[in-house]
Structure formats: structure tokens, C-alpha cells
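One structure is given here, and the rest of the page talks about it.
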Amino acid sequence: MKRINMIIAILCIAFSTVVSAETNDALDAWKSYAAKTGNPDHAKWVDEISKPEAIALAKAWKELRGYDAQDLVQAEKLPAELKPGLVITKDNAGDFPWLKDYLPKTTYASLTSNDWGTIGKITIVPTNTYYMTQAALDSTKKLLEKNIVPTINEKGELLNPDGSFFLLNDATARAVPFIHPKNGMELNWSYVSHGISNESEFFKPIRIGGCGGGANAKLDRYYEGHLWWQKFHGRRLVEPMGDVPGKDELVEGGSIFFTEPFDIRGLAGVRQRYASADKADDFRVFIPSLRRTRIMTGSDAQDPIAAGVELIWDDWRAYWNKTNPDNFEYNLTGEGFILALPEVGYVYDAYEMNDERCALKSIEVELRPVWKLEIIDKTGKYIYKTRTTWVDKENYYMQYHITTDQRDNVMRIWDDSRAFRPTTGEAQWRFVLVSNYLSERFNFLEMESVWENREQLINDEKFDVDQLRDYR
Amino acid sequence: MKNRRILLGLVIIVMTYDVSAASDINTFSGWKGENWSLHGRLKQGVSVLYDLPDNDNVLGPSNTTAELKFSYRPNNSWTFITNAWYRADLSPSLGDDFDTGQGLQDPTSAGFNGRLPYRLNEHSCLGTIGDPFCADLDQIRRFDDLDEVLRELSIKYRDPKSRYTIKAGKFQRGWGQSDGLRLLDILHAQDLRERFAFRDSDELRIPAWMVSADLNFERMGIAAPFKALGMRRPTLEFNFVPEVHHSQFIINNPTPSSLTAGGAFGLPFPALKDPVSGYGLVGIGANLQEKTPDDFGFRDAEFSMRLRFDALGGEFTLNGFYGMQDLPLVEFTGANVVAGSALNNESLAAAVVPLDLANAIGAIHAPGGYLGWLRSVASGNPIPFPLSDGGIAPLAALSGGELPNCIDPVFGASTPADLPCSVNANFNLDYDHRQKVIGFSFARDMVELEIGRKLVTPTLRLEVAYELDKPFNRSVAADPFVPGATVSGSNSLVIGPSAAYTDSDVLSTMIGFDYALWVPGWDLQKKSIFTSFQFFNIHTFDADEGLLQQAPYGFETVAKNQQYATFLWNMPVINERLIFEGLFIRDFDNSGTFYRQRIDFQFFGNNFRPRLEWMTFSGEGQNAPIGILDHSDLIEFSLTYQF
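Written as C-alpha cells, this is what we have:
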């Protein structure tokens with residue numbers, strides 16, 4: 021017995037030594053960078069990504085994908101100056117002719133030429149490794165092990181070989197359907213399947229602000245509310261596990277309860293997505309001035325969520341437009357790299373707004389490997405003629421998108437910094453920039469994510485507008 | 174006039190307020206903590222009435238609203254909400270008096286069909302035929318009873334497993350799919366004193382002390398039978414309301430002994446007319462009292478239930494309501510003979526001689542009574558006035574010889590001691606009747622109908638309510654003295670309740686469509702125009718028996734099928750900072766038209782909300798709800814400071 025105990029002890033020591041010695045290139049790069057900057061936020065981030073659970077999860081996802089972001093970055097021939105620590109301002113941007121190849125043109129314009137919604141300073145930080153949850157990993161692995169290949173039918177629905185909806189089936193609902201997408205539709209579905217990344221999400225609060233007025237912009241719209249999101253199937257992390265009762269046909273739902281300003285306080289909306297292409301969203305709103313619930317049309321997702329803000333329903337959680345090959349063309353138009361806001365919001369803010377909250381004093385960006393997904397409206401009737409999305413090659417979520425109107429003018433962009441939680445692979449949101457380049461309106465969303473007690477806080481009440489009306 | 178200048182000055186100050194300062198969003202937004210918040214608003218309006226008969230433009234309702242809302246949610250199971258508001262109207266203090274033109278019948282007019290003046294916002298009048306009636310507007314000056322101030326004081330408990338919730342306290346709940354006209358939204362009485370029914374519905378409902386329970390059958394594990402019937406996500410709402418309110422309204426009653434005035438939105442005192450002779454019921458006033466159910470208790474408590482479920486691609490509700498009527502029947506209880514005042518003023522009378530119900534009916538309807546006299550005058554062969562010497566019940570006889578007789582309006586005084594006389598009929602506004610309604614509503618996104626520039630689908634709304642045995646005052650009733658004959662119009666109110674009341678089942682139906690309109694050719698349109706169309710049909714099964722719309726102010730008869738249409742549009746422009754909202758209502762059967770235009774200016778940050786509002790009514794005088802407000806057209810500017 022004594023001998024066995026000794027062996028166990030030796031094994032434990034050996035195992036912990038191995039684990040503590042585990043690392044990855046992103047962590048190494050960050051350690052080095054944090055040591056150089058001396059920034060306590062950076063040090064905290066290093067602490068977070070150094071945790072064994074984070075390292076293990078990163079490693080497992082890397083094995084599944086066959087790469088991580090650092091592998092792709094290191095394999096790419098990059099400009100010599102494109103390194104962590106480089107600071108770019110309007111004054112020196114011209115010194116880096118390669119910058120236009122890595123920054124979206126809208127970001128570049130905000131840095132160099134716009135007189136509204138400007139970005140004062142960009143600092144490049146090391147490339148992170150982003151991944152999803154253990155549940156998503158396990159589901160995806162099983163998919164591959166069992167050689168289950170999802171199909172996309174003529175309606176654009178994502179189906180399992182047994183005919184079930186991929187995102188409703190408990191076995192597949194959390195999986196990435198196409199680890200290595202071969203075309204635009206496959207990439208679209210991997211992006212859609214990512215959804216909110218996690219199973220339950222709670223912003224308390226979400227702040228939505230809008231500015232107009234060019235160089236002298238002032239915040240002229242401001243809302244606060246609480247926002248919830250839930251995936252209804254394949255749940256493994258947050259109660260209820262498995263399927264959420266009563267949501268047999270629904271993939272996921274989001275809801276919002278506005279708390280400010282006073283004249284719309286109590287306005288609550290619940291929007292839930294059916295898996296079937298034939299069913300528009302279940303969209304219900306409680307209108308305080310009527311004290312009544314109204315069913316709204318799920319097909320009009322092109323209106324702003326609230327007056328004066330640039331966030332339209334089809335853009336909430338970045339991409340909510342329902343897949344429809346009759347109306348849209350989905351093209352994988354390329355791959356490459358983009359400089360985008362890091363998802364470090366779980367630990368610190370990678371952005372700083374000016375005092376008026378109408379421009380960015382500074383942002384951090386990191387180099388991300390991406391696919392380029394172009395969604396083209398075939399009807400000529402949709403608000404966006406094109407939606408160009410840079411989809412991250414590690415987590416299948418977007419890093420940036422640009423939309424154009426039917427006259428090919430750049431209309432809106434979406435740039436976000438999420439609150440990625442390295443130990444679980446979950447991600448909520450911290451900051452979104454959603455600005456309109458036609459009306460030159462700078463809009464932001466700022467969110468404080470709730471992580472604890474989500475199993476209690478995100479329940480049926482939040483997805484039944486007749487209950488949500490009495491939330492506060 | 175001075176007051177008007179002050180108000181104009183205030184408006185100019187507000188309109189020229191430094192926009193750049195006001196539009197700073199980083200202003201005060203209430204108090205809040207992790208689990209609680211306190212917000213509120215202060216609103217002041219000022220309006221001009223521009224369509225009053227025989228008046229220049231006058232200051233209209235100038236409402237003040239101060240509101241606070243506190244909420245506390247200590248955990249996921251409990252929520253406490255308190256909401257209080259204070260409402261007032263500055264117009265009684267600042268405005269000039271104006272004449273409604275709706276006093277009692279004018280004895281000097283042809284056929285007595287003219288109306289004497291009735292000046293509002295004036296507490297002293299001459300009491301002569303030229304200036305007979307006036308009233309101040311104290312009844313709308315402030316709404317500050319505790320019951321009026323407290324809008325919500327509630328506590329809600331949620332089962333952690335989401336099986337049920339219970340909410341108790343004072344609050345309101347809205348039912349149904351209809352806007353404007355209430356079919357199923359009947360859980361609460363309405364406060365009609367400020368803008369009648371033409372304001373936001375949450376401000377109209379009178380909250381009540383009540384208990385509501387919502388049961389989630391899915392979570393309770395008893396949804397299977399419902400699912401077998403195709404009813405998904407079934408939930409049951411049950412409401413118990415031990416406190417009974419009736420709707421609040423103010424009649425502009427010129428009768429001096431029952432003087433009430435609600436200003437421009439006070440309901441008109443009806444024209445009193447004998448349909449047989451065509452003559453006005455001259456000399457008749459009305460004393461109005463309320464007869465209400467128990468304020469609080471089980472005997473008159475209200476119960477309601479709603480089963481909500483998804484089916485056929487939409488949401489259904491099945492509703493049942495067992496409550497009390499919000500609006501009254503008019504019950505004739507007797508009359509007062511006002512001896513010594515021809516203008517119905519009991520306080521100036523030499524004596525007031527009460528007549529009980531039987532005597533009052535007799536004095537009016539019996540041969541030789543008031544109606545007989547009126548018709549004889551109309552025919553040109555007058556008989557003696559019933560209360561005069563030679564009438565069937567001379568005043569001297571009624572008063573046991575203590576009083577002389579009334580002066581005969583046609584033949585004059587028989588003795589110098591004879592007195593001018595008038596009669597005030599005594600009525601109860603009788604709310605003590607049950608209301609029994611069943612119905613259903615259905616709302617559905619019509620996904621099959623993608624139309625318009627952006628292929629948007631309309632939303633269908635359907636609501637049906639069936640009220641059993643709805644009580645009505647008759648517009649045609651049995652003549653109490655002539656078997657087989659009938660009395661009608663105003664005369665049918667001055668009979669005993671057993672003959673004056675009847676009931677009928679009523680089937681009310683609404684079909685409506687909401688549609689987000691993207692205007693063809695308007696490429697830069699940033700937000701859709703919300704449009705909402707509704708059509709109502711209210712079928713009263715026994716309408717052909719002769720029913721009054723709503724005594725005592727809606728004096729027209731009920732049509733078999735009463736039809737309305739409404740159209741609402743809401744168009745935000747300039748980054749949704751300038752918002753136009755229009756509401757059109759058409760009453761087809763009574764040729765009534767209402768239009769309200771609101772313009773909201775959201776250029777001033779989150780604290781300030783200026784609004785322009787224009788309301789215009791066009792309809793025939795005694796038709797509810799539009800015709801009765803024919804002269805209440807107004808333009809209002811209001812400014813809300815909110816935090």
C-alpha cells in the first residue's frame with residue numbers, strides 16, 4: 021500500500037510538472053510582450069491564459085483544427101515592422117505602406133482621414149489563441165470520429181445525415197459543422213454555429229451609444245438595458261443541460277429589457293430563431309406605453325433595435341441574418357490576415373474612448389488569420405448589397421465586417437472586442453463598434469458580462485416576454 | 174390674457190433653450206444600484222382649444238405630470254416595484270373661462286331646442302337667462318388622492334424552477350390585441366378625465382389591488398394534453414381583483430345642484446328632447462349620483478383567466494372575465510321640483526319638493542303631465558302646466574299647501590304669489606352590474622406574404638370578445654301609462670329601472686394588420702414606417718329593440734353593427750430624432766372622424782422630450798366616443814424632463 025501511494029505521489033508530481041511546463045506560442049509571445057510593456061492589464065491577461073485549463077483547451081483545439089493562429093502567423097511572410105509593440109498613429113501611418121493590407125479600409129480611414137469616429141492610436145499586441153468550449157470540442161470530435169458530414173439543403177438548412185436539424189440535435193448542436201470550410205456556404209454555417217460561442221449569456225448592463233456631428237460629435241443617443249442570450253440545445257456547461265424545455269424547434273434566443281432612458285424603460289423584446297428556413301423569427305415585444313405584448317414581424321430585421329442607433333436586428337450578435345440561398349449568395353472569397361481588436365475583455369479593455377464617447381483614443385489590435393466571407397444580396401431589396409466578413413480561422417467567429425448599401429457605398433461596420441474566458445473557452449462581449457459611414461455616425465455597444473450563477477439568472481423568464489415585462 | 178402671455182413666454186424659453194447644452198447626453202439619469210433603480214419624469218403641457226362654439230381660442234388642458242418609479246430586485250425570485258404619479262392641470266388657474274354652449278334647454282329658443290350657455294372655469298355667474306350656469310374646474314385641477322397617486326406597488330415572486338409566478342399588489346395588466354377600442358383589454362377601468370380615451374393606454378387604465386398568477390404548464394409537467402391538441406407552450410394566467418373600480422369621467426353638468434365640469438374633455442350634458450313633439454325638455458335638469466359595487470371584498474370581486482399558447486404559427490389566447498361594468502346605466506330615482514327657480518337652482522329655490530319615483534314618473538308621463546303639456550304647446554293648443562293652477566298636480570297640492578303654484582309658462586301666473594319652477598330629475602349612475610366576457614385573440618406573423626420593397630411580412634392581429642347580457646339603457650321603452658305604447662329618446666330614461674334597463678349579448682371583432690413600410694424609391698430610408706390598420710365590428714344582437722349607446726352622454730342608439738377603422742403610422746426621420754406619429758379613427762355608422770398627430774423632437778439628449786400634439790374631432794353631437802368631443806380640438810406643446 022505504501023508503495024502504491026508513493027507511485028501515485030510520483031505520478032502526480034510528474035503530471036503537474038508536465039502541465040506546468042505546458043505552454044503555447046501565444047502564451048509565450050504574451051509573456052514576453054507583457055514583460056516589455058509592464059502593463060498590469062497585460063500581466064493579468066498572461067495570468068489568465070497561463071492557467072492549465074486554458075492551456076489544455078487551447079492545445080486540444082489546436083489538435084482538432086491542425087493549427088492555431090500562431091502557426092499560421094509564423095508561416096506567413098509578414099512585413100518586418102508588423103510586430104507586437106508597434107504603435108501607429110495618423111502621423112506615422114504613411115510609414116507603413118503594408119498597413120492597408122491588414123487593416124480594413126474603414127479602420128484605416130478612421131485612423132488617417134476621417135474627421136468623425138476617429139482612432140487616435142493603434143498598438144499591435146501579440147496574436148492570441150482563441151477557441152471554443154470543451155463541449156463544442158467534444159461534439160465536433162464525435163462528429164469527425166463518426167464521420168458525420170452535415171449537409172446543406174436547397175433551402176439553406178443545415179442538416180444531419182438523419183435529417184435532423186444540426187443545431188437542434190443534442191449531439192451536434194454545439195459542434196463546428198465544417199472545421200475546414202470549402203466554400204462560402206460551409207463557412208457561413210460554421211460562423212452561424214458559433215453563435216454566441218457559449219450557452220448562456222447575460223449583459224448587465226449593455227450600453228448603447230450613438231454620436232453624430234462630425235469632428236465635434238456629441239453623444240446624442242444613449243440606452244441602457246439588460247440582455248440575455250441562450251442556446252437551447254446541446255447544452256453541457258450551464259444548466260439546464262441538454263435541451264431547454266419547450267424550445268423544440270428553436271435554435272437560440274436573445275432578449276433585451278431597456279432600463280434607460282425613462283421613456284422607453286420597460287421596453288422588452290424577445291427574438292428566437294427557428295431552425296426551419298420556412299419559419300421567420302418568433303419576435304415579441306412588450307410595449308410599456310400599451311402594457312401589452314405585440315408580435316412583430318420576424319422578417320423585418322433591417323430596422324434599428326432602438327431609435328437613433330446603428331444596431332439593426334440582423335446585425336445583433338454581429339450576424340443574425342437567416343441563411344437563405346434564394347436571396348443571398350455566399351462566397352468564400354479568400355483568406356489572409358487582419359488586424360483586429362483582441363478578445364481580452366474578460367480581463368481588460370483593449371480600447372479607450374474619448375470623453376464624449378464619440379471616438380477612440382486608442383485601441384489594441386492583433387493579427388488574426390481569417391477567411392473572407394462575402395454575402396451578396398440577390399434580390400436588390402435587402403438593406404445591404406454586400407456583407408463582407410472576416411471570419412476567424414480559430415474560433416469561426418467574425419473579426420470584422422463591412423456592409424454596403426445597394427449603391428455600393430460602405431454603410432456599416434462591426435468591430436468587436438469580446439470577453440473571452442480562456443479557462444472555459446466561452447466568450448461574451450465587451451465592446452462593439454458599429455458605425456455608419458453613410459450618415460457618419462459613431463455607435464458603440466459596451467457590455468458588462470455576468471459569469472456567475474447564469475444557470476439561475478438566465479431562465480425561462482428572460483425568453484417569455486410576458487414574464488420579462490415585470491423584470492424591473 | 175396675462176396668464177396666456179406668461180405661458181407663451183415659457184414656451185419660447187423652452188423652444189430657444191440652448192440645444193447644444195441640452196443635447197449633452199451625460200446628464201442625470203436617476204439613481205441606481207446593483208439591484209435597484211429610481212427614475213422619473215416631470216411633464217408640463219400647454220394647449221390651445223380652437224374649435225369651441227362661440228369662443229375665441231382659449232387655453233386648453235395644461236397638464237402637469239410628476240412621476241417616480243422605483244424597482245428593487247434583490248434576487249432572481251423577487252421583484253418589488255413602486256410607481257407613483259401626481260397629475261394636475263394648470264388651465265383652471267391660468268386659462269380664461271369659455272362657454273361649452275351645452276347648458277340646459279333654452280326656454281327662449283324655438284321649440285326649446287336651443288341650449289343655454291354653460292361657462293366653464295368660472296365660479297360666479299349672474300344666474301340670469303343670459304348667464305345662467307357656470308362652474309370652476311376644480312375637479313381636474315389636481316388628481317392627488319392617494320389612490321390616484323399610487324400607480325403600482327407590487328411584489329412578484331418567481332418559482333426558481335419557472336413553474337409559476339405570483340404577483341400581488343396594486344398594478345395593471347393589459348390583455349388583447351386591439352389598440353384604441355377595448356375588446357378584451359377590460360381588466361381595468363379607465364380614467365377618462367384628461368383626454369377621454371385618446372391617450373396612451375397605460376395612462377388610461379386605473380390600476381387595482383389584485384393578485385395574478387401565471388402557471389407554466391410546460392414546466393409543471395402538465396403540458397402533454399395541450400400539446401396533443403396542437404397547443405404549444407401553454408401558460409395560464411389567473412387574476413383576482415378584490416378592489417373594483419369603475420371608469421372615471423366628468424360630465425359637464427350645468428344643473429346647479431349637481432354641478433360638475435371636466436373642461437374640454439368633460440363629457441357633454443345631453444340635449445334633452447321629446448322625439449314626439451320635437452321640442453326640447455325645457456326646465457329639466459339632472460342630479461347625478463353614483464351607485465357603485467363594494468369597493469373591496471369578495472361579493473363584487475373580479476376574476477379573470479387567460480390561457481395562452483402557440484398554435485397555427487401564431488399566439489392564441491383564450492380569455493374569460495367575470496367582473497363589473499366600468500361604465501354606468503342610468504337609473505331614474507325620482508325628481509325634485511325646484512320652486513322659485515326657473516333655472517333649476519335648488520340653492521336659490523323657495524323650496525325643493527321631492528317626488529318619489531312613482532310620482533315623478535306620473536308627473537312626467539301621465540296624461541296632463543309634463544310631456545303632455547310640452548306636446549300641447551308644440552301643437553299650438555296648450556294645456557295648463559302640470560304644476561300650475563289647473564295642472565294635474567299643482568305645486569300647492571304637492572307641498573301640502575305650503576307653497577303657491579308654479580307660474581304657467583304659457584298662461585302666466587294665476588296669482589301674484591306663483592313661483593317660477595323647474596324640475597331636476599334624480600339619476601343614479603349605476604355601476605353595480607356584472608360584466609361577463611369570453612373571447613380569444615390571435616396574432617401571427619404572416620410569413621407567407623412577403624411584400625414591399627424589403628419583402629417584409631405583415632403581422633395579423635385578431636381579437637374576438639363575446640359579452641353576455643351586457644346591460645343597456647333602453648332608447649325605446651314601454652310607456653308606463655299607455656299599454657302597448659312606447660317612449661323613446663330622453664323620455665325613456667325617466668321611467669323605472671325595470672322598464673329602462675335591458676340587456677343584449679354583444680359580439681365584438683377586430684382584425685388588424687401591422688406592417689413595416691419601406692417606401693418604394695426612398696433609398697435612403699433608414700427606418701421603416703410602422704403602420705397599423707384595424708377594423709372593428711361590434712354586433713349587438715338586440716340592437717333593434719332600441720338601446721342607448723352610453724347614457725347619460727352618448728344619447729344615440731346602438732347600431733346593429735357598429736363599425737370602426739383605425740390607422741396608425743409612426744415615421745422617425747433624421748436619425749430617428751424627429752418622430753411623426755399619426756392616428757386616424759373613423760366611426761362609420763356615426764360619421765365620426767378623429768385624427769391625432771404627434772411630433773416628437775428627440776434632439777435634446779435623454780433628459781428632454783418635447784412634443785407637439787394636435788387632436789381634431791369631427792362628429793355628430795351625441796355619438797360616443799368621437800361626436801361628443803366634436804368641439805375639443807386642440808394643439809398642445811409639452812415638455813418632459815426625465816431621468
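Line by line, the protein sequences give chains F and Y. Using the working numbering, the final residue of the first sequence is 492, and nothing's skipped along the way. Using the working numbering, the final residue of the second sequence is 816, and nothing's skipped along the way. C-beta: ideal position from N, C-alpha, C; glycine also.
Here Y/Asp279 is near Y/Gly287, since their CB atoms are less than 8 Å apart. It is roughly 28 Å from the alpha-carbon of F/Lys251 to the alpha-carbon of Y/Phe615. For F/Leu310, the closest Cβ of chain Y is nearer than 8 Å. In the pairwise beta carbon analysis, the stretch 431 to 446 of chain F is classified as not touching the stretch 110 to 117 of chain F: fewer than three pairs are separated by under 8 Å.
When CB distances to chain F are screened at a threshold of 9 Å, the residues of the stretch 352 to 380 of chain Y falling below it are Asp352, Asp358, Asp373, Ser374, Asp375, Glu376 and Arg378, in chain order.
Runs of the beta strand (DSSP E) lying entirely within the stretch 79 to 113 of chain F, each at least 3 residues long, are 107 to 109 in chain order. Excluding sequence positions up to five before and after Y/Phe201, its CB lies within less than 6 Å of the CB of Phe816, all in the same chain and listed in chain order. Proximity of chain Y to F/Asp490 at the Cβ level (cut-off 7 Å) is accounted for by Thr252, Lys329 and Lys340, in chain order.
By the 16-neighbour rule on beta-carbons within 10 angstroms, Y/Phe476 is exposed.
Looking at the DSSP output, Y/Cys579 shares a beta bridge with Y/Ser561 and Y/Leu592. For Y/Gly685, the nearest beta carbon of chain F is not closer than 8 Å to its own beta carbon. F/Met205 carries a helical assignment under DSSP once its states are collapsed to helix, strand and coil.
For F/Trp391, the enclosing beta strand (DSSP E) covers residues Leu380 to Asp397.
Put simply, the CB of F/Gln448 is far from chain Y, with every gap to its CB atoms at 8 Å or more.
In this structure, the CA atom of Y/Gly493 is about 8 Å from the CA atom of Y/Lys609. Think of a sphere of 7 Å around the beta carbon of F/Asp190: no beta carbon from chain Y falls inside it, the nearest being about 18 Å out. Shown here, F/His62 sits in a helix according to DSSP, grouped into three states.
In this structure, Y/Pro290 and Y/Gly274 form a Cβ contact; the two beta carbons are roughly 7 Å apart against a cut-off of 8 Å.
When secondary structure is reduced to three states using DSSP, Y/Val219 falls in the strand class. With a cutoff of 8 Å on beta-carbon distance, Y/His418 and Y/Ala362 are scored as near each other. Rounded to the nearest angstrom, the Cβ distance from Y/Leu530 to Y/Gly507 is 5 Å, consistent with a contact under 8 Å. By the Cβ criterion, the stretch 594 to 605 of chain Y is not in contact with the stretch 256 to 271 of chain F, since fewer than three pairs of Cβ atoms, one from each stretch, lie closer than 8 Å. Excluding its 5 nearest sequence neighbours in each direction, Y/Ser244 has C-beta neighbours in its own chain below 6 Å: Ser210 and Ile254, listed in chain order. Not a single C-beta of chain F is nearer than 8 Å to the C-beta of Y/Arg607. Y/Val455 carries a coil assignment under DSSP once its states are collapsed to helix, strand and coil. Segment contact: the stretch 794 to 814 of chain Y against the stretch 446 to 455 of chain Y, fewer than three CB-CB distances shorter than 8 Å; contact not assigned. DSSP lists Y/Phe708 and Y/Arg759 as the beta-bridge partner residues of Y/Ala738. Under the three-state reduction of DSSP output, Y/Arg331 falls in the strand class.
Within the stretch 252 to 289 of chain Y, the complete alpha helix (DSSP H) segments at least 4 residues long are 264 to 267, listed from N- to C-terminus.
Near chain Y, meaning a CB-to-CB distance below 7 Å, the residues of the stretch 268 to 284 of chain F are Thr279, Glu280, Pro281, Phe282 and Asp283.
For the stretch 459 to 479 of chain F, the set of residues with a beta-carbon nearer than 7 Å to any beta-carbon of chain Y comprises Ser459, Arg461, Gln476, Leu477 and Asn479, in chain order. Interface annotation, F/Lys381: not in contact with chain Y, CB-CB separation never under 8 Å.
At the C-beta level, Y/Lys643 and Y/Val679 come within 8 Å of one another. Rounded to whole angstroms, Y/Gly203 and F/Asp190 show a C-alpha spacing of 45 Å. For Y/Gly585, the secondary structure class from DSSP, reduced to helix, strand or coil, is strand. At least one CB of chain F lies nearer than 8 Å to the CB of Y/Gln345.
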